[in-house]
Amino acid sequence: MTSLAATPAASSPAGHAATTASSAVFSSDELASIRSQFPILGREVNGHPLAYLDSAATAQKPLRVIEAEGAFYRESNAAVHRGAHTLAGEATELYEDARRTVADFLAVDENDVVFTSHATEALNLVAYALGTASIGRGAGASAAAAAYGLHAGDEILVTELEHHANLIPWQELAARTGATLRYIPVLDDGSLDLEAAAHLIGERTRVLALAHVSNVTGATLPLDVLVPLARAVGALVVLDACQSAPHLPLRPRELDVDIAVFSGHKLYGPTGIGVLYGRAELLNALPPFLYGGSMITTVTMERADYLPAPQRFEPGTPRIAQAIGLAEAVRFVSDLGLDRIAATEHALTQRMLDGLAHIPNIRVLGAPSPAPRVGLASIVVDGVHAHDAGQVLDEAGIPARVGHHCAQPLHRRFGVTASLRLSLGVHSTADEVDRALEAVASIRPFFGLSEGAMS
Amino acid sequence: MSGLEQLYQQIIIDHSKHPHGVGLDAGEETSHQRNPVCGDEITLALRWDAEGAHIDAVAWEGAGCSISQASASLLATLAEESVEEGSAWTPDDLTALIDEFREALRSRGATPLDEERFGDAAALSGVSKYVARVKCAMLAWVAAEDLLQRRSR
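Chain order of the listed sequences is A and B.
Positions in the first sequence are counted from 1; adding 878 to them yields the numbering used here.
Positions in the second sequence are counted from 1; adding 84 to them yields the numbering used here.
Written out as structure tokens, the structure reads:
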């Protein structure tokens, strides 16, 4: 079962800072052993050993995750929560074990954990359910949904640095309900304008939706400041934890958020699986998002009553193999210890940021932010489009993300359309970071732009 | 020559730094093409002779990666050369060129661009091995195709 030994309770307001400074980084032997668990790291790309620096887009998978998914199909495949045969019972047990593993990982109750297809679906689920509550549709017999409805005059607050998945569903919810969407602006250094936030969060604020960690700057958002402000006005707090969950201990209850979502594939798990944590009272008050089988109690030709969470939000045959794979991924990071993962990645991040600072004509988006942060940096190379810059890294066997990383508004705020993002994973090494730095330093010379001179 | 050098031949780097055919007139008919993946943009116009039978020039404005910008510049240059040689393109000529261009770029390196037909633009052959970059190179040509299709409707 789940190993939780390596994730002691954090005491900082942000819920995860206390452990990182004192935890030991992985030794080179430990790192070698971690790397040996990722089959893909044995391959070459364009004649070079693969140095995968795109973990923020999707993480590579350790063999035990690949095997866990395969083992389910080989040995226990059956539809869950329906049918009384032995296999169905086994499959259901494995699926619900996976839910318990994720719940333990987050230190929440298992009924507070809903499996979705991805984090994007989880965020859409919440926004859509709030929209349904707004038009007076409830959660079957319960009338509690009405209290969560949004109407003209209400406000939804996001930040300017959100991933599109935590922006567009709120735009649509505002359009459907007549509520107003507002946002906390980003300052030149990439941090949030907290002075503006204090004015923006008020009696009209019904929802505050924000990222835990920016997928462009790697900085942790100041939840210790913003969540109490939202709490004081009774707003729901929705946390996009996609970029934090694989790298920092995540404790939604300590963070005092109502909803937290993350994706499985960024946490070394399979694609096609996301996690929605929700406070029990909230989940049980919200109406469903998708309707169908496996989420009802009684159905007549006229109407239906719905099961409580989490089943209410998991209609149809769920993502069984993916949930089982994700549970194995959770055990993988828990066995390593998220505090040690954070400490190791932080040291490597420092090496990466220091190295980038020494390369002329490179701009790193956002000021270097202190721990807790995650190991990613988005850079702009003067005179070279991000697509061209990324091609140089790809040629060197270093996959890195180019584009706007689904954060067009933040790129616009920084005055650029695209950037090149390097992002670390649990298997990243100093050698890989150095190779990336060398490749980044070679970009301008390759395109005939001289060192030190602006193009 | 490494793969990267084949992709970024000097002609391409030169055209991306000093592009030809840039500058649109207010009010002229244009096609705006955008690559949502990277935000590359090209707005392009076909300028016709008095009879409307031949293309006098290709003009454009845009922003984006060197491949997308060089490709637009090379298309404009090719149009310029066809006029200088007294064989300005008819709509059918340009349609045939666009089709050949697309076929070569989608060939994954199997069919290089014919230097006789494409001149300096044949340097874009290297793009065909980079599946993710084909869209970049196609952007200006898709804009031209869009204008031709609108015209024939």
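Each residue gets a CB set at the ideal place from its N, CA and C atoms; glycine is no exception.
If we call anything under 8 Å between Cβ atoms a contact, is A:Gly1261 one with A:Leu1315?
no
_Proximal residues to B:Gln93 (C-beta, below 8 Å), its chain only, five neighbours per side dropped_ = Ala207 and Gly210
- Task: Pick out whichever of B:Ile139, B:Arg237 and B:Cys220 has its Cα sitting closest to the Cα of B:Gly148.
- Result: B:Cys220
B:Leu197 in three-state terms, based on DSSP:
coil
task = Could you tell me which chain B residues have their CB closer than 8 Å to the CB of A:Asn924, listed as they occur along the chain?
result = Gly87
> In chain order, what residues of the same chain lie with their CB nearer than 7 Å to the CB of A:Leu972, ignoring the 5 residues before and after it?
Replying inline: Phe950, Ser954 and Ile1202
Can you find the residues in the same chain that come closer than 6 Å, C-beta to C-beta, to A:Ser1256, ignoring five residues on each side of it along the sequence?
Val1094, Leu1243, Ser1297 and Arg1299
Going by the DSSP bridge assignment, what does B:Asn35 pair with across the sheet?
The requested residue 35 of chain B does not occur in the structure, where chain B is confined to residues 85 to 237.
Status (buried if at least 16 other CB within 10 Å, exposed otherwise) for B:Gly123: buried
Under 7 Å Cβ to Cβ from A:Ser1141, same chain only, skipping five residues before and after it: list those, please.
His996, Ala997, Cys1120 and Gly1152
CB of A:Arg960 within 8 Å of CB of A:Glu1033, strictly: no
Next item on the list: Would you mind working out which of A:Thr970, A:Glu1192, A:His1263 and A:Leu1302 sits nearest A:Met1230, comparing C-alpha positions?
Entry: A:Leu1302
(message) If I follow the unbroken beta strand (DSSP E) through A:Ser1297, where does it start and stop?
(response) Ser1297 to Ser1301
Rounded C-alpha distance that separates A:Ala899 from A:Phe993:
At A:Ala899 the pLDDT is 47, less than 50, meaning the model places this residue with poor confidence; the figure from the coordinates comes in the next sentence. Answer to the nearest angstrom: the Cα atoms are 33 Å apart.
- Query: Given that a residue counts as buried once 16 or more other Cβ atoms are within 10 Å of its Cβ, and exposed if not, what is B:Met222?
  - Reply: buried
* Could you tell me the distance, in whole angstroms, from the CA atom of A:Ala1336 to the CA atom of A:Tyr1026? => Only positions 879 to 1333 of chain A appear in this structure, which leaves residue 1336 of chain A out of reach.
Best match in A:Leu1161, A:Glu1159, A:Ser1122 and A:Glu1132 for proximity to A:His1143 [C-alpha to C-alpha] = A:Ser1122
Checklist entry - Candidates A:Val1105, A:Arg1313, A:Ala1207 and A:Val1036: which alpha carbon is nearest A:Asp1136's? => result A:Val1105
Item checked: Residues near A:Gly1009 by beta carbon distance below 7 Å, same chain, minus five either side -> Leu1051, Arg1054 and Thr1055
query = What residues in the region 121-155 of chain B have a beta carbon less than 9 Å from any beta carbon of chain A?
reply = Val121, Cys122, Gly123, Asp124, Glu125, Ala147, Gly148, Cys149, Ser150, Ile151, Ser152 and Gln153
Neighbourhood of B:Lys101 by C-beta, 7 Å cutoff - its chain only, sequence neighbours within 5 removed
none
May I ask you to list the residues that DSSP assigns as paired with A:Thr1058?
A:Glu1033
- If you draw a straight line from the alpha carbon of A:Thr1149 to that of A:His1283, how long is it in whole angstroms? 18 Å
Starting from the N-terminal side, write out each stretch of the alpha helix (DSSP H) that is 4 residues or longer and does not extend beyond the region 1175-1263 of chain A. 1198-1214 and 1216-1235
How would you call A:Tyr1146, buried or exposed, if buried means at least 16 neighbouring beta carbons within 10 angstroms?
buried
Report the rounded CA-to-CA distance for B:Ala194 versus B:Glu187, giving the unit in angstroms. 10 Å
| said: On the CB-based measure, 16 or more other CB atoms within 10 Å of its CB, does A:His1265 come out buried or exposed? | reply: buried
Cβ-Cβ separation, B:Thr127 to B:Gly146 (assumed contact under 8 Å), whole Å: 6 Å
Element boundaries [beta strand (DSSP E), containing A:Tyr1155]: Gly1152 to Gly1156
Notebook entry, point to check: By a C-beta neighbour count over all protein chains shown, 10 Å radius and 16 as the cutoff for buried, is A:Glu947 buried or exposed?
Noted result: buried
- request: Would you decide whether A:Ala910 is buried or exposed? Buried here means 16 or more other CB atoms lie within 10 Å of its CB.
  value: exposed
**Asked** Buried or exposed: where does A:Gly893 fall if 16 or more other Cβ atoms within 10 Å of its Cβ makes it buried?
**Response** Caution applies to A:Gly893, whose pLDDT of 40 falls short of 50 and renders its modelled position unreliable; the value that the coordinates give is listed next. Buried, by the Cβ-count rule.
Practice problem: List the DSSP bridge partners of A:Val1280. | Solution: A:Leu1298
*What is the rounded straight-line gap between the Cα of B:Ser86 and the Cα of B:Arg118?*
29 Å
Quiz prompt | Below-8 Å beta-carbon distance, B:Leu322 vs any chain A residue | solution = Residue 322 of chain B lies beyond the range of chain B shown here (85 to 237); nothing can be said about it.
* In the DSSP assignment, what are the bridge partners of A:Val1085? -> A:Ile1034 and A:Leu1114
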